[in-house]
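A.B. asks:
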Amino acid sequence: MSWFKRLWRRPPARAPRPVRTFRPALEGFDERVMPAHFGHFHSLTGASFASAGTASSVTRLTATLTGATGTSGHARYHADATASTNGFAVRVSGLAASATFDVKIDGTTVGQVTTDANGAGRVSLTTLTAAVAAGSVVTVVAASGATVLTGTFAAAPSHGGCHG
């Protein structure tokens, strides 16, 4: 074949490359102790954990929320007395779609959760002023005033290792 024909000929067809799809996964609704200030890794250095002979300054509580058949939820609370921080999160499912519900701890409204078209919702709150302890009752209340989910906080199970 002459050099001119080689110059203008088409390269051989390649097999198409497989299309890679990116499928992000949702993180589990697990508890994490975050540092009080970015850059001050209290939970990594052990500053917020107890020294020998003293109690831990970190409180972790969980509650399973139950109600009518098909409804469910979970609540988590953590507080770090050393860093003066706390956090509270609630996840619900099976409730009325596209509705707003009050979230209460021991009868005190601490926030609201709004459900999506499937009746699921979640809310995360920080710097709660309500007193929370093992035995505190979490309720999710409809606009009508009816309690749709309820649960009682208990100490979260220890994960073992250096974080437990």
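Note that our numbering has the sequence shown beginning at -16, numbered continuously upward. Note that beta-carbon positions come from the ideal geometry of N, C-alpha and C, so glycine has one too. Owing to the predicted nature of the structure, the values given are computational and were not obtained by experimental measurement.
1. Taking its Cβ as the centre, do 16 or more other Cβ atoms sit within 10 Å of A62, making it buried, or is it exposed?
2. Looking at T49 and G122, is the spacing between their C-beta atoms short of 8 Å?
3. Taking the beta strand (DSSP E) that D99 belongs to, which residues open and close that run?
4. Locate the beta strand (DSSP E) running through G77, then write down its first and last residues.
5. Distance check for T91 and G128, CA to CA, integer angstroms please.
6. Determine the contact status of A126 and T83, defining contact as a CB-CB distance below 8 Å.
7. Identify, in the order they occur along the chain, each residue of the same chain with its Cβ nearer than 8 Å to the Cβ of A117, setting aside the five sequence neighbours on each side.
8. Spatial neighbours of S119 within its chain, please: CB distance less than 6 Å, with the 5 preceding and 5 following residues excluded, ordered by chain position.
9. On the DSSP letters alone, give me the boundaries of the beta strand (DSSP E) that R0 sits inside.
10. Closest by CA to D99, which one among V41, A79, S107?
11. Cutting at 6 Å between CB atoms, please list the residues of its own chain near A72, excluding the five before and the five after it.
12. Do you know offhand how far G77's Cα is from G104's?
13. Please check the pair V96 and V75, which I expect to be a contact at CB under 8 Å, by giving their CB distance rounded to whole angstroms.
14. Measure how close the beta-carbons of T130 and N69 come, nearest whole angstrom, since I'm counting them as under 8 Å.
15. Give the straight-line distance between the Cα atoms of P1 and V93, rounded to the nearest whole angstrom.
16. The beta strand (DSSP E) spanning S40 covers which residue range?
17. Have a look at D85 and N101 and give me their C-alpha separation to the nearest angstrom.
C.D. replies: Straight from the coordinates:
1. buried
2. The residue you asked about is not Gly; residue 122 is Thr in the sequence shown. Not closer than 8 Å, so no.
3. First-last for D99: undefined, no H or E at that position.
4. Note, G77: premise wrong, no beta strand (DSSP E); not H, not E.
5. 13 Å
6. yes
7. L44, F136, A137, A138
8. I88, D89, F136
9. Here R0 belongs to no beta strand (DSSP E), and DSSP marks it neither H nor E.
10. A79
11. R59, S107
12. 9 Å
13. 6 Å
14. About 24 Å; that fails the 8 Å criterion.
15. 50 Å
16. First-last for S40: undefined, no H or E at that position.
17. 18 Å
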